[in-house]
Amino acid sequence: MNPIVISVFNLVGSSFCVEAKDGEAIFQAISKALQQEQVVEISFQNVEMLTSAFLNTAIGQLYRDFSEEQVRASVKVTEMADADKALLRRVIETAKLYYKDPTWLEESVKQIMGEEE
2 MNPIVISVFN
12 LVGSSFCVEA
22 KDGEAIFQAI
32 SKALQQEQVV
42 EISFQNVEML
52 TSAFLNTAIG
62 QLYRDFSEEQ
72 VRASVKVTEM
82 ADADKALLRR
92 VIETAKLYYK
102 DPTWLEESVK
112 QIMGEEE
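The number in our numbering is simply the position in the sequence shown, starting from 1, with 1 added.
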């Protein structure tokens with residue numbers, strides 16, 4: 002089965018992928034394909050700038066709705082700059098921790114920020 006190719010540049014309409022709302026469009030496209038048990042290739046060709054806010058929404062949320070195994074087996078990222086790959090790895094690790102135990106991570110952040118009650 003050929004993967005469904007999602008062009009981030011075409012779907013967002015810009016080479017600057019910085020806003021969470023733009024990430025939501027990518028998330029919806031990936032989510033729809035995964036629900037149909039299809040393999041997805043996310044192409045970052047022509048994308049010049051990425052933020053963690055965009056990636057959290059576009060890809061991080063997948064770990065809320067799908068198993069890590071399904072995401073790993075069915076989602077492939079292509080044509081992404083090396084610096085953006087490092088950012089994506091951090092987003093994925095944080096998302097996996099967060100969706101495994103959201104209250105633990107929130108409490109840890111509060112403790113680090115000195116907001117303990």
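Heads up, the beta-carbon is just placed ideally off N, CA and C, and yes, glycines get one too.
Q.
Does the segment 109-118 come into contact with the segment 67-79, if we say contact requires no fewer than three beta-carbon pairs (one atom in each stretch) closer than 8 Å?
A. Touching, no.
Q) What three-state label does DSSP hand Q79 in the structure shown? A) Residue identity check: residue 79 is Thr in the sequence provided, not Gln. The answer is strand: DSSP assigns T79 an E or B state.
**Q.** Local Cβ density within 10 Å of Q62, reported as buried at 16 or more and exposed below that
**A.** Buried.
Q | Unbroken alpha helix (DSSP H) run spanning S8, endpoints | A | Counting along the chain, S8 falls outside any alpha helix (DSSP H), though it belongs to the beta strand (DSSP E) covering I5 to S8.
Q: Enumerate in chain order the residues of its own chain whose CB-to-CB distance from I43 is below 6 Å, with the five nearest sequence positions on each side excluded.
A: If we look at I43 and ignore the five residues flanking it on each side, its Cβ neighbours are I7 and V78.
Q) Can you name, in chain order, every residue of its own chain whose Cβ lies under 7 Å from the Cβ of F10, other than the five neighbours on each side? A) Excluding residues within five positions, the ones whose Cβ falls inside 7 Å are S16, Q46, N47 and V48.
(Q) According to DSSP, is S16 part of a helix, a strand, or is it coil? (A) Of the three classes helix, strand and coil, the one that applies to S16 here is coil, per DSSP.
Q: Let me know if T58 comes out buried or exposed under the rule of 16 or more other beta-carbons within 10 Å of its beta-carbon.
A: Buried: at least 16 other Cβ atoms inside 10 Å.
Q) Residues bridged to V121 by DSSP? A) Here the chain covers residues 2 to 118 and nothing more, so residue 121 does not appear.
(Q) Buried or exposed, going by whether 16 or more other CB atoms sit within 10 Å of the CB of G24? (A) Counting of Cβ neighbours within 10 angstroms places G24 among the buried residues, the total reaching 16 or more.
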